[in-house]
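FYI, in mature numbering (1 follows the signal peptide of the UniProt record, and there is no 0) the residues of the sequence shown are -18 to -1, 1 to 288.
Backbone N, C-alpha and C define an ideal beta-carbon position, used for all residues, glycine too.
A quick note: this is a predicted structure, and the numbers were derived from the prediction, not measured.
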Amino acid sequence: MIFARTLLLAVAVGGALAAAPCAAAGSRTGRPACDALVVHEPRQLRDSLLELSAPVLGKPPLAWTEDDFDRIYRTADYCDGVRDPSTNSVIRAATWRSNLDPAREAVLSASATLRDSDAFRKNGRTRAVVLPPCERLLEWSHDPRDFRNNSAAIFGRDVLETPLEDFDLVTGYVKSCAPALFRIAHGRLKLREDETQRRLQSILDVYVTVHAAHTERRAGGNRATDMIAYMDGRPVPSTLASRRTQSLVRELDRYAASRQRLPADQIESMNREATVIAAEAKTRIETVWAEAVKERISRDIFSEQP
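Below, the structure written as structure tokens:
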């Protein structure tokens, strides 16, 4: 930590230290301002910065500023060619620059994106969702077959219970975080860009799909008699099911709204269709709605009132 603080402050005090004979006498390089630099390997420093994780020279990589990099560059220029007799290490300004340039670009770009995203997060007026720090989006997981995900853990509200007003804020926030997350995922988790892309796209796809389903359902009108199906205790819009299933639901809703009893032949054909859909279902949502249709038909058969 002492070396870290010394290195990041070296330029500010370098001239004074170099001019002080008593300081130089105890210096390992003969230039006290260069002592902190000579003990570090530029390639290792670069790699540590690119991991965007543990503190580097006493400071988290994403907290590094242009001034921090410039201080090291100026120190390397001042110390160019200085040797440490005890290790025979030589400071080469060009080597420091060639190693730190890519780290500088990655760190400053990611931190700028995170600052903008943080402003988005703090200023976004969500109704129920809590926008998390960008890095938490990398924890996203979703099983498309069972439609199970950790949206509630990440955003404070399950996607199926997210208010319509919050969907655009969630997708906008994910997009604002994406440029930084590609770098963070590669540095910290060693994820390839396509792996990170799939994870972020999964969030967007889920929220866009559910939003569209709610919007379509609302446009069709929500009547008190309309069917409701639940999954894990949460209502699931029928518009997330297949068009084939939606057709059955609409027909049942139409009869319920008009307080008409299903004709016997229609009961038989619709029940048969729902049974086939349930047997062929590729997703849990399809199964849930097919079973809901069958239950509604059974209830209609034994009900005395239409």
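The beta carbon of D59 is closer than 6 Å to those of A75 in its chain, skipping five residues each way along the sequence. Residue environment for Y155: buried (at least 16 other C-beta atoms within 10 angstroms of its C-beta). Runs of the alpha helix (DSSP H) spanning 4 or more residues and lying entirely within the stretch 159 to 239 occur at 175 to 201, 225 to 239, in chain order. For K104, the enclosing alpha helix (DSSP H) covers residues 75 to 105. In the displayed model, K41 falls within a strand according to three-state DSSP. Taking 8 Å as the cut-off, the Cβ atoms of R216 and L142 count as close.
In the structure shown, S71 adopts extended strand secondary structure according to DSSP, grouped into three states. Sixteen is the threshold: when 16 or more other Cβ atoms of the shown chains lie within 10 Å of the Cβ of I73, as they do, the residue is buried. Taking a 10 Å sphere around the C-beta of A223, we find 16 or more other C-beta atoms and assign the residue as buried.
Counted as a single uninterrupted DSSP element, the alpha helix (DSSP H) harbouring A58 occupies residues 48 to 60. Minimum Cα-Cα distance from T69 among the listed residues Q179, P115, V21 corresponds to V21.
For the options D235, R170, I283, the alpha carbon positioned closest to that of E250 is the one of I283. Looking at the DSSP output, R109 shares a beta bridge with no other residue. The beta-bridge partner set that DSSP reports for D66 consists of S71. Taking a contact as a CB-CB distance under 8 Å, the pair R25 and Y55 does not count as one, their CB atoms being some 16 Å apart.
Here V258 is exposed, its C-beta having fewer than 16 other C-beta atoms within 10 Å. At a Cβ-Cβ threshold of 8 Å, A261 and A211 do not count as neighbours. Annotated three-state conformation of D140 is coil, per DSSP.
Contact check for R103 and L119: beta-carbon distance about 11 Å, past the 8 Å limit, so the pair fails to qualify. When secondary structure is reduced to three states using DSSP, R278 falls in the helix class. Between the stretch 225 to 245 and the stretch 194 to 211 there are three or more C-beta pairs closer than 8 Å, enough to call the two in contact.
Following the DSSP letters along the chain, one finds V21 in no alpha helix (DSSP H), marked with neither H nor E.
Counting every other CB atom within 10 Å of its CB across the protein chains shown gives D176 a total below 16, marking it as exposed. Here D29 carries a helix assignment [DSSP, helix/strand/coil]. If you draw a straight line from the Cα of A195 to the Cα of D148, it comes to about 14 Å.
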